[in-house]
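In the numbering used here, the protein residues as written are 14 to 216.
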């Protein structure tokens with residue numbers, strides 16, 4: 014397993030490209046986000062998605078989210094009506110995961126008994142540049158082993174815990190401990206499913 018060090022606020026193009034190329038070739042990676050460390054792969058690689066599920070929960074009880082560049086890209090994979098658009102416009106990018114009805118662009122492997130997707134638009138220079146170079150969403154979940162809720166914060170510990178299961182670990186320093194706030198936008202009113210780093214609604 015390779016380990017790449019990066020400055021999440023001021024990433025070099027060369028280093029980000031190493032990660033983007035790995036994802037494009039089917040890699041499963043650990044990487045820092047604007048909340049906690051995540052495990053991810055390219056949306057376009059079914060085999061990598063299967064590997065990501067196996068890392069977390071083979072019964073697929075835990076849904077995976079999409080990391081996306083912006084609201085425009087999100088609307089390709091999720092049904093963003095006017096009400097949802099206003100919320101995303103006001104809160105994205107940021108430490109939120111928005112639950113929305115999926116579109117036909119979402120691979121069936123990600124929709125087992127579900128018709129919704131989680132949409133993440135990160136407020137972090139590294140993730141934003143990575144998504145731009147990859148030109149595809151990143152299927153993502155927290156870097157927590159098995160059914161553990163708390164994501165690992167130390168990239169060396171992530172490297173050790175998932176040795177032999179990941180292709181790349183991106184070392185952006187010590188990670189956060191507070192996950193994203195999960196907000197369901199599928200109903201008539203926004204509903205917080207999990208409080209997290211992002212306040213909702215803002216006071």
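A virtual CB, placed ideally from N, CA and C, is assigned to each residue, including glycine. The model shown is predicted, which means the values in this text are computed figures rather than measured ones.
Check, Outcome
"Nearest to residue 30 (by Cα), restricted to the options 139, 60, 92, 111", "139"
"Of the listed residues 199, 43, 78, nearest to residue 15 (C-alpha basis)", "43"
"Which residues DSSP lists as bridging residue 129, in chain order", "114"
"Cut-off 6 Å between Cβ atoms - residues of its own chain near residue 101, not counting five sequence neighbours on either side", "84"
"Continuous beta strand (DSSP E) assignments of at least 3 residues falling wholly in the segment 30 to 93", "42 to 45, 50 to 55, 78 to 80"
"Pairwise C-alpha distance: residue 201 and residue 135", "25 Å"
"Beta-bridge partners of residue 151, as assigned by DSSP", "55, 80"
"Spatial distance of residue 186 from residue 137 (CA atoms)", "14 Å"
"Nearest-angstrom Cα separation, counted from residue 196 out to residue 203", "7 Å"
"C-beta atoms of residue 55 and residue 147 nearer than 9 Å", "yes"
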